[in-house]
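Trainee: Position one of the sequence shown corresponds to residue 54 (this note's numbering), numbered consecutively onward.
To start, I am sharing the structure in question, which I have written as structure tokens.
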Amino acid sequence: MLVDSHCHLDRLDLAAHDGSLDAALDAARARGVSQFLCIGVSADNARAVKDLADRYADVHCSVGVHPLDLEPGSAPALDWLLSELNHPRVVAIGETGLDYHYEPEAAELQQDAFRLHLEAAKVTGKPVIVHTREARTDTLALLREAALPQAGVLHCFTEDWEMAKAALDIGFYISLSGIVTFRNAEQLREVARQVPADRLLVETDSPYLAPVPHRGKPNLPEYVRDVAEYLAVLRGVTFDTLAEQTTANFRRLFPLAS
Numbered sequence: 054m055l056v057d058s059h060c061h062l063d064r065l066d067l068a069a070h071d072g073s074l075d076a077a078l079d080a081a082r083a084r085g086v087s088q089f090l091c092i093g094v095s096a097d098n099a100r101a102v103k104d105l106a107d108r109y110a111d112v113h114c115s116v117g118v119h120p121l122d123l124e125p126g127s128a129p130a131l132d133w134l135l136s137e138l139n140h141p142r143v144v145a146i147g148e149t150g151l152d153y154h155y156e157p158e159a160a161e162l163q164q165d166a167f168r169l170h171l172e173a174a175k176v177t178g179k180p181v182i183v184h185t186r187e188a189r190t191d192t193l194a195l196l197r198e199a200a201l202p203q204a205g206v207l208h209c210f211t212e213d214w215e216m217a218k219a220a221l222d223i224g225f226y227i228s229l230s231g232i233v234t235f236r237n238a239e240q241l242r243e244v245a246r247q248v249p250a251d252r253l254l255v256e257t258d259s260p261y262l263a264p265v266p267h268r269g270k271p272n273l274p275e276y277v278r279d280v281a282e283y284l285a286v287l288r289g290v291t292f293d294t295l296a297e298q299t300t301a302n303f304r305r306l307f308p309l310a311s
């Protein structure tokens, strides 16, 4: 059985399933997906992801503010975040992190917000889900500064082995999405070959970044099977082995979802 360790169920394009989230989840279950982690990205969608987790037994969620969803000029309040995290279906913090690709001018605000999420991770003991883009030095520096006692994950990883190794060295997991199947992703495939089996997760990041052979279509949780099948071939293991290992890794990293 597989886990889609990072999806945005409240944002899916459900046209392929006649507008039905139930049907979309059933399609994923039919392909062996046993669990879904629905990701919070803003104060506005915190209620939505918690409602979805309450609705479905195999859905859990995270709460946090994505670096590109920050309110101009202010980081979210720690009290607000801790309150939102105090819910039995919220198993993680984030996604949070740094993204200088679109908003390099907001670097200081993003760093303040990231530190706040890392502080919440220390207070609650819940793992942190990290988004990083064109901010590798600062991302690693803040993670080292935080020195979290528990692991976290760099989700939808797109960097090189040097950064992956640095993250692994401080206890983080690496999650791979459909990007690894893209024609121009050889650097990422090299990372995928080297990540230790006990630190690897798979995800869709749906509705974004659909894997080959679905590229160009809205991504769906059922396509995590395509990511896992591709990675199994790339790593020279059976699909069942990769599915079993990544599911075990998910449950170890997110014990509240077990």
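Beta carbons: idealized from backbone N, C-alpha and C, even for Gly.
What residues match up with S228 in a beta bridge as DSSP calls it?
Mentor: Translated into the one-based positions of the sequence shown, residue 228 becomes position 175. S228 is bridged to L254.
Trainee: Only counting the same chain, and skipping five residues up and downstream in sequence, which positions put a Cβ closer than 8 Å to that of Q164?
Mentor: Here residue 164 is taken as the residue at index 111 of the sequence shown, counted from 1. Excluding sequence neighbours, Q164 sits near L151, D191, L195.
Trainee: Which class does G235 belong to by DSSP, given the choice of helix, strand or coil?
Mentor: Counting from 1 along the sequence shown, the entry for residue 235 is found at position 182. First, the amino acid is wrong: residue 235 is Phe here, not Gly. Looking at F235 - three-state DSSP - the assignment turns out to be coil, as it is neither helix nor strand.
Trainee: Buried or exposed for V286, going by 16 or more other Cβ atoms inside 10 Å?
Mentor: As a working note, residue 286 is residue 233 in the sequence shown. With fewer than 16 other Cβ atoms within 10 Å, it is exposed.
Trainee: Nearest to L135 by alpha carbon, out of G126, D122, V118, P125?
Mentor: For the purposes of this step, residue 135 is taken as residue 82 along the sequence shown, with counting starting at 1. Nearest option by C-alpha distance: V118.
Trainee: For R64, I'd like the list of residues in its chain whose CB is within less than 7 Å of its CB, leaving aside the five on either flank, ordered along the chain.
Mentor: Walking along the sequence shown from the start, residue 64 turns up at place 11. These residues qualify, in order along the chain: P260.
Trainee: If I measure Cβ to Cβ from D213 and keep anything under 6 Å in the same chain, skipping five residues before and after, which residues do I get?
Mentor: Numbered from its first residue, the sequence shown carries residue 213 at position 160. These residues qualify, in order along the chain: Q240.
Trainee: Give the DSSP bridge partners of T192, in chain order.
Mentor: Your numbering for residue 192 matches position 139 in the sequence shown. According to DSSP, which records beta bridges pairwise, T192 is partnered with nothing at all.
Trainee: Does the stretch 257-276 come close enough to the stretch 198-207 that 3 or more CB-CB pairs lie under 8 Å?
Mentor: Segments in contact, no.
Trainee: To the nearest angstrom, report how far apart E198 and R246 are at their CA atoms.
Mentor: Position 145 of the sequence shown, counted from the start, is the residue given in the question as residue 198. Position 193 of the sequence shown, counted from the start, is the residue given in the question as residue 246. Each residue's Cα considered, the two are about 29 Å apart.
Trainee: Indicate the three-state DSSP secondary structure (helix, strand or coil) for A200 in the structure shown.
Mentor: The count along the sequence shown starts at 1 and reaches residue 200 at position 147. In the structure shown, A200 sits in coil (DSSP, three-state: anything other than H, G, I, E or B).
Trainee: Kindly identify the DSSP beta-bridge partner or partners of V183.
Mentor: For the purposes of this step, residue 183 is taken as the residue at position 130 of the sequence shown. For V183, which the question treats as bridged, DSSP gives the partners T149, L207.
Trainee: Can you look up D57 in the DSSP assignment and give me helix, strand or coil?
Mentor: In the sequence shown, the residue the question calls residue 57 occupies position 4. D57 falls in the strand class under three-state DSSP.
Trainee: Just to confirm before moving on: does the CB-CB distance between A281 and T299 stay below 8 Å?
Mentor: The residue labelled residue 281 in the question sits at position 228 within the sequence shown. The residue labelled residue 299 in the question sits at position 246 within the sequence shown. Yes, the pair counts as a contact, with Cβ atoms nearer than the cut-off.
Trainee: Starting from V277, trace the alpha helix (DSSP H) both ways and give me its first and last residue.
Mentor: Counting from one through the sequence shown, the residue named residue 277 turns up at place 224. 277-288 is the span of the alpha helix (DSSP H), which, as asked, contains V277.
Trainee: In angstroms, rounded to a whole number, what distance separates the CA positions of A250 and A77?
Mentor: Counting from one through the sequence shown, the residue named residue 250 turns up at place 197. Counting from one through the sequence shown, the residue named residue 77 turns up at place 24. Spanning the two alpha carbons is a distance of roughly 29 Å.
Trainee: Considering only the alpha carbon of each residue, which of W133, R108, H184 lies closest to A62?
Mentor: Translated into positions along the sequence shown, residue 62 becomes position 9. This sequence places Leu at residue 62; Ala is not what is there. Nearest option by C-alpha distance: R108.
Trainee: Opposite L90 in the DSSP bridges: which residues?
Mentor: Residue numbering aside, residue 90 sits at position 37 when the sequence shown is read from its first letter. Bridge partners of L90: H113.
Trainee: What does D143 pair with, by DSSP beta-bridge criteria?
Mentor: For the purposes of this step, residue 143 is taken as residue 90 along the sequence shown, with counting starting at 1. The residue asked about is misnamed: residue 143 is Val in this sequence, not Asp. Paired residues: C114.
Trainee: Does A166 pass the burial test, meaning 16 or more other C-beta atoms within 10 Å, or should it be called exposed?
Mentor: In the sequence shown, residue 166 corresponds to position 113, counting from 1. A166 comes out buried.
Trainee: Which class does E21 belong to by DSSP, given the choice of helix, strand or coil?
Mentor: Residue 21 lies beyond the range of the chain shown here (54 to 311); nothing can be said about it.
Trainee: Comparing C-alpha positions only, which one of L273, A101, P129 sits nearest to G231?
Mentor: In the sequence shown, counting from the first residue as 1, residue 231 sits at position 178. It is L273 whose Cα lies nearest to the Cα of G231.
Trainee: Out of A106, A96, A110, state which residue places its alpha-carbon closest to the alpha-carbon of A128.
Mentor: As a working note, residue 128 is residue 75 in the sequence shown. Ranking A106, A96, A110 by Cα distance to A128 puts A96 first.
Trainee: Between which two residues does the alpha helix (DSSP H) holding F299 run?
Mentor: Position 246 of the sequence shown holds residue 299. One point to set straight first is that residue 299 is Thr, not Phe, in the sequence displayed. Element bounds for T299: 292-306.
Trainee: So A4 and H113 are in contact, right, with Cβ under 8 Å, and what is the actual spacing, rounded?
Mentor: Coverage of the chain is limited to positions 54 through 311, which leaves residue 4 absent and any answer about it impossible.
Trainee: Taking a contact to mean a Cβ-Cβ separation below 8 Å, would you say R278 touches G72 in this structure?
Mentor: Looking up residue 278 in the sequence shown gives position 225. Looking up residue 72 in the sequence shown gives position 19. No, the pair does not count as a contact, with Cβ atoms beyond the cut-off.
Trainee: What is the C-beta distance between I227 and R252, in whole angstroms, given that I count them as a contact (C-beta under 8 Å)?
Mentor: Here residue 227 refers to the residue found at position 174 of the sequence shown. Here residue 252 refers to the residue found at position 199 of the sequence shown. Confirmed, Cβ separation roughly 6 Å.
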